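Engineer: Protein chains in written order, with this note's numbering: chain A, 205 to 539; chain D, 205 to 539.
Handing you a structure now.
Number of protein chains: 2
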Amino acid sequence: MGATIRDVARAAGVGQATVSRVLNSSGYVHPDTRARVLQAAADLGFVPSQTARSLVRKSTATVGLIIPDITNPFFPAITRGVEDAASASGYTVFLCNTDNDPAMEAQDVRKLRERRVDGVIFVGATDRRDLMATLVAEGVPVVVTDRQVADLDVDMVLVDNRAGALLACRHLIGLGHSRIAHAAGHLATRTGQDRLAGYREALAEAGIAPDEGLVYTGDFTLESGYQAAEVLLGRTPRPTAIFCGNDLVALGVLRAAEAAGLAVPDDLSIVGFDDILLAALVRPALTTVRQPAYSMGELAMRMLLDRIAGETGGSRRHLFQPELVVRSTTRGRAR
Amino acid sequence: MGATIRDVARAAGVGQATVSRVLNSSGYVHPDTRARVLQAAADLGFVPSQTARSLVRKSTATVGLIIPDITNPFFPAITRGVEDAASASGYTVFLCNTDNDPAMEAQDVRKLRERRVDGVIFVGATDRRDLMATLVAEGVPVVVTDRQVADLDVDMVLVDNRAGALLACRHLIGLGHSRIAHAAGHLATRTGQDRLAGYREALAEAGIAPDEGLVYTGDFTLESGYQAAEVLLGRTPRPTAIFCGNDLVALGVLRAAEAAGLAVPDDLSIVGFDDILLAALVRPALTTVRQPAYSMGELAMRMLLDRIAGETGGSRRHLFQPELVVRSTTRGRAR
DNA sequence: TTGTAAGCGTTATCAA
DNA sequence: TTGATAACGCTTACAA
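Have a look at this one:
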């Protein structure tokens, strides 16, 4: 149970250094010796301890992934992207859920530091900028997704949320809508803010006077969407379209509209954001703005690997352009 | 950067052993000394190396979680359950996706062994029983979810799939259906087999003659459900109800029925399995059999912690009873 | 081409 | 109550 390199060395009749050499294909070693070592290792079922290796190499081949909640349909795809890229390079990932709780995030970062991860990826981090700063100061590579971080040597993988919102609202405006409401997401997040900004910008460029009564501030949940709709549909004149902070919110709006006896898209048009699996499957199928979640995760991990490999070259940022996916929750306004 | 226990000792003017004592609250240490050490540690931003600690303690405070695919809506909840329980006990979890590929699973297990995880949880593992056997032989605690494993000292967290299928089919039979088809999941999995068995048993107890033409074997995907429906709806007489391997399959069937111009539930009743978020949100809302995914993950992790703590007491198994959730895809048969 | 030995950063045993 | 010091299992000079 738990053979060590010493045991293998003994069994093969060589020194431990030789065993290490053949196992890491480093340095010269005679083919015969090599064969003997491999045989002995196999016989003993030897699996080298990454723990011991990490101690001397000062690198653990692990990275930390910090996300709000794996249960939220947007995160599995991004997680998978990270995992695939990590695993393809021999890395293993620690998964941490924070529920957007700064205290939880701090605790997770602490654990990752203790475990000496080679890097960490934050997805939609909270306002604990200090946590990233600490990591950076310690020389731990950091990549941030879904969040801008100024004046810190980290890479960023972003999606142009403002542009996405613009796309969504222009679509609505092009359809003839002018009473357009926004069921906003968590405005403490940059993501929420940018989508709101895009919404405002679209209305402005179309010459539609802003009406703060048509902006509901909630969070990114289904329930929030339901409540948003209850409030927004009570405005007079009633909005004919609602642009939502994300797909979950849009689903909530859809259900509330249904409950209020409104037909979608005839009485009300709805646009979401993200394009999670649900969006295509629900009926009417949701018109939404697609984010390339898997690719974002994959790229984030690749950027992290670059940094781990020492290719710094300053703080990089990659901006993905979202894409409008028109399905069945939007329709032209009968005039 | 990267202060060590030595640095802290030096700064506090004590020996390293003392620092270790205060940091681990083990052994007596004078309050004043303690304060000085804590101060020095804080000043230096000292974070103990779990890597070094692991080497001597022979335990890493990490566990491995092996699942097929985090992108499949059933797994996030179970993952979250595991994570929450782990994190509450100071453990960190390595996430591994196998795509049900035995080779990938072997590679993941290898990585987890190298990293000397304190235990591993398999969710719906492939047929690589040898992998678990290896782990068990090495003394690594193992808990298996969604899969029976005989003659191996592992704990099991299961849901009574047969009973769930029985529940679903009896519901259909009670509604007056007798031409009931089954869009089965992956039959190489025990889960798929058990649900099929429950389906057969329900028909048998109702005295309905089995018709193998009404059983379609696919896997647990949306696409598989769509194909299943195309085949099954071509049978004559056409089945009036389809019990599906899981919710994703049911959604596929729902879409295919829609495409074929069939009204659900009027022309066709559908029952799924799992009760993922989608099930409640789709229209018509899906009648399904609920599995307590979060609780299953949580319990699995708790059982693993018990084993890690040395409470073996033989192979335990916990069987969750699933629950029928009747929504809108099932209706009585007009006679 | 191979072996010896000095760490890597902790914990834990023994003395003091 | 505290300090040396020997592990823990591996990598990596440095010698041989």
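Even glycine gets a Cβ: it sits at the ideal position worked out from N, Cα and C.
In this text the structure is predicted, and so the values were computed from the model without any measurement.
Reducing DSSP to helix, strand and coil, say where D:Leu362 ends up.
Structural biologist: Of the three classes helix, strand and coil, the one that applies to D:Leu362 here is strand, per DSSP.
Engineer: Does the CB of D:Asn365 have a neighbour CB from chain A at under 7 angstroms?
Structural biologist: No, D:Asn365 lies away from the interface with chain A (no Cβ there is under 7 angstroms from its Cβ).
Engineer: Which word fits A:Lys315, buried or exposed, when buried means at least 16 other C-beta atoms lie within 10 angstroms of its C-beta?
Structural biologist: Counting Cβ neighbours within 10 Å, A:Lys315 comes out buried, since at least 16 surround it.
Engineer: With distances taken Cα to Cα, identify the nearest neighbour of A:Tyr498 among A:Thr349, A:Ile209, A:Val218.
Structural biologist: Residue A:Thr349 is the option with its Cα nearest to A:Tyr498.
Engineer: Can you check whether the C-beta of D:Ser230 is within less than 7 angstroms of a C-beta belonging to chain A?
Structural biologist: Chain A contact via Cβ: absent.
Engineer: With DSSP as the reference, label D:Arg539 as helix, strand or coil.
Structural biologist: Interpretation of D:Arg539 is limited by its pLDDT of 45, a score under 50 that renders its predicted location unreliable; the figure taken from the coordinates is listed afterwards. D:Arg539: coil per DSSP, three-state reduction.
Engineer: Using a cut-off of 7 angstroms between C-beta atoms, extract the partners of D:Asn301 located in chain A.
Structural biologist: Here the neighbours are Arg284, Glu287.
Engineer: Could you check the C-alpha separation between D:Gly380 and D:Ala408 for me, to the nearest Å?
Structural biologist: Using only the alpha carbons, I get a separation of about 15 angstroms.
Engineer: Below 9 angstroms between beta carbons is the criterion; list the residues of the stretch 242-273 of chain D that meet it against any residue of chain A, in chain order.
Structural biologist: Within the stretch 242-273 of chain D, the qualifying residues are Gly249, Val251, Pro252, Ser253, Gln254, Thr255, Ala256, Arg257, Ser258, Leu259, Lys262, Thr264, Ala265, Thr266, Gly268, Leu269, Asp273.
Engineer: Examine chain D for any beta-carbon lying closer than 7 angstroms to the beta-carbon of A:Ala463, and answer yes or no.
Structural biologist: So no, A:Ala463 is outside the interface.
Engineer: Along chain A, in chain order, which residues have C-beta atoms closer than 9 angstroms to that of D:Val297?
Structural biologist: Neighbours of D:Val297 on chain A, chain order: Phe298, Leu299, Cys300.
Engineer: Using only alpha-carbon positions, find the residue among A:Ile270, A:Gly285, A:Pro272 that is nearest to D:Thr275.
Structural biologist: Cα-wise, what sits closest to D:Thr275 is A:Gly285.
Engineer: Cα separation between A:Glu287 and D:Thr296?
Structural biologist: Their backbone Cα atoms lie some 16 angstroms apart in a straight line.
Engineer: Are A:Leu472 and A:Ala461 touching if we call contact CB-CB under 7 angstroms?
Structural biologist: Result yes, Cβ atoms of A:Leu472 and A:Ala461 sit closer than 7 angstroms.
Engineer: Of all the alpha helix (DSSP H) runs that stay within the bounds of the stretch 462-537 of chain A, which reach a length of 4 or more residues?
Structural biologist: If we require 4 residues or more, the alpha helix (DSSP H) runs fully inside the stretch 462-537 of chain A come out as 481-485, 497-512.
Engineer: Are any of the Cβ atoms in chain D nearer than 7 angstroms to that of A:Arg539?
Structural biologist: A caution first: A:Arg539 carries a pLDDT of 45, below 50, which makes its placement in the model too unreliable to give a value.
Engineer: Quick one: which chain A residues come within Cβ less than 8 angstroms of D:Pro469?
Structural biologist: The premise fails here: D:Pro469 is roughly 14 angstroms from chain A at the closest Cβ pair, so nothing lies under 8 angstroms.
Engineer: With DSSP as the reference, label A:Ala207 as helix, strand or coil.
Structural biologist: Note: A:Ala207 maps to coil in three-state DSSP.
Engineer: If we ignore side chains and look at the alpha-carbon of each, how far apart do A:Gly343 and D:Thr264 end up?
Structural biologist: Cα to Cα, the separation comes out at about 23 angstroms.
Engineer: Assess contact between the stretch 382-398 of chain A and the stretch 416-425 of chain A, defined as three or more Cβ pairs (one per stretch) separated by less than 8 angstroms. Is contact present?
Structural biologist: Short answer: they touch.
Engineer: A:Glu416: buried (16+ other C-beta within 10 angstroms of its C-beta) or exposed?
Structural biologist: A:Glu416 comes out exposed.
Engineer: Which whole-angstrom value describes the C-beta separation of D:Phe326 and D:Val340, a residue pair presumed to lie in contact below a C-beta threshold of 8 angstroms?
Structural biologist: Incorrect: roughly 12 angstroms between the Cβ atoms, too far for contact.
Engineer: Check the Cβ of A:Thr275 against every Cβ in chain D and list those closer than 9 angstroms, keeping chain order.
Structural biologist: Chain D residues near A:Thr275: Pro280, Ala281, Thr283, Arg284, Leu481, Tyr498.
Engineer: From the DSSP output, in three-state form, read off A:Tyr232 for me.
Structural biologist: Looking at A:Tyr232 - three-state DSSP - the assignment turns out to be coil, as it is neither helix nor strand.
Engineer: With a cut-off of 7 angstroms, does the C-beta of D:Glu434 fall near any C-beta of chain A?
Structural biologist: It does not: the Cβ of D:Glu434 has no partner Cβ on chain A nearer than 7 angstroms.
Engineer: Three-state secondary structure (DSSP) at A:Gly268?
Structural biologist: Note: A:Gly268 maps to strand in three-state DSSP.
Engineer: Distance, Cα to Cα, D:Gly518 vs D:Val353?
Structural biologist: Spanning the two alpha carbons is a distance of roughly 13 angstroms.
Engineer: So what's A:Phe447 in DSSP terms, helix, strand or just coil?
Structural biologist: The answer is strand: DSSP assigns A:Phe447 an E or B state.
Engineer: Straight-line CA distance for A:Leu269 to D:Val212?
Structural biologist: Whole-angstrom Cα-Cα distance: 30 angstroms.
Engineer: What is the rounded straight-line gap between the Cα of D:Ser532 and the Cα of D:Val419?
Structural biologist: Rounded to the nearest angstrom, the two C-alpha atoms are 23 angstroms apart.
Engineer: Within its chain, find whatever has a CB closer than 8 angstroms to the CB of D:Ala337; leave out the 5 residues flanking it on each side and keep chain order.
Structural biologist: Only Leu356 meet the Cβ criterion.
Engineer: In its own chain, which residues sit with a C-beta less than 6 angstroms from the C-beta of D:Val313, not counting the 5 before and 5 after it?
Structural biologist: For D:Val313, where only same-chain residues beyond five positions count, the Cβ hits under 6 angstroms are Leu335.
Engineer: Report the CB separation of A:Gly429 from A:Pro526 in whole angstroms; it is logged as a contact under 8 angstroms.
Structural biologist: With 8 angstroms as the limit, A:Gly429 and A:Pro526 do not qualify as a contact, their Cβ atoms being about 19 angstroms apart.
Engineer: Could you check whether D:Val324 and D:Thr266 sit closer than 7 angstroms to each other, using their CB atoms as the reference points?
Structural biologist: No, Cβ-Cβ distance for D:Thr266 and D:Val324 is not below 7 angstroms.
Engineer: Which value, in whole angstroms, describes the spacing of the CA atoms of D:Pro469 and A:Phe250?
Structural biologist: About 58 angstroms.
Engineer: Run through DSSP, which three-state label would D:Phe424 get?
Structural biologist: D:Phe424 falls in the coil class under three-state DSSP.
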